[in-house]
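**Student:** There's a structure below that I have some questions on.
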Amino acid sequence: MRWDELDKQPCSLARTISVVGDRWTLVILRDCFLGIRRFDALEKSLGITRHVLADRLKKLVDSGVLYKTPYQQKPIREEYRLTEKGLELHPVILALVHWGDKHMVDERGAPIVHVHKKCGQVMQPVTVCSCCKEPVTAKDIRVEVGCGWQDLAKELLP
């Protein structure tokens, strides 16, 4: 499977990786969730070259994850905001941060914590079943062939 063909694969994960799977995109999205919206501020925060940042932002806009909106008229300057599609990546970012806080921190601990505004407590993301609301892990899930992958899945899944 070639990198530039991931978006054509009959796999939702491969298609998702085609949008957010390079080494800069997730940290760009992290900064967007932290409220950083302007090109210069993203460039400064990330220490990324203008060319790479412009390329990743264009891809996120073209994919419908971000949209540009003007914040200044003369000259026109735009900032990047999360779309609904982009906001739906928040649980993914939280899960990755939680994994990093558990497995990638040094002796100082987590660099930031997420506080639930409603109860004021530091929270950890939890995956629950959408039907019964019970927590689920990889061992609690069975994979079955979906409509979007009928023919190929029969060959690949047990």
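In full-length UniProt numbering, the protein residues as written are 1 to 158.
C-beta atoms are modelled at their ideal positions from N, C-alpha and C, and glycine is treated no differently.
Quick caveat, the model's predicted, so the values are computed rather than measured.
Counting pairs of beta carbons, one from the segment 17-34 and one from the segment 56-69, are three or more of them closer than 8 Å?
**Tutor:** With a cut-off of 8 Å, the segment 56-69 and the segment 17-34 count as touching, because enough Cβ pairs lie within range.
**Student:** Among residues of its own chain, excluding the 5 on either side of Leu42, which ones have a beta-carbon nearer than 7 Å to its beta-carbon?
**Tutor:** Here the set comprises Ile28, Asp31, Ile36 and Leu53.
**Student:** From Ala14 to Gly100, what does the alpha carbon distance come to, in whole angstroms?
**Tutor:** Approximately 22 Å between the Cα atoms of the pair.
**Student:** Going by DSSP, which residues form a beta bridge with Thr69?
**Tutor:** Looking at the DSSP assignment, Thr69 forms a beta bridge with Glu79.
**Student:** Assuming Pro70 and Arg77 are in contact, meaning their beta carbons sit under 8 Å apart, how far apart are those beta carbons, in whole angstroms?
**Tutor:** At roughly 7 Å, the Cβ-Cβ gap stays under 8 Å, so Pro70 and Arg77 are in contact.
**Student:** Using a threshold of 8 Å, state whether the C-beta atoms of Pro135 and Val128 are closer than that.
**Tutor:** Yes; because the gap between Cβ atoms is below 8 Å, this pair is in contact.
**Student:** So what's Pro125 in DSSP terms, helix, strand or just coil?
**Tutor:** Note: Pro125 maps to coil in three-state DSSP.
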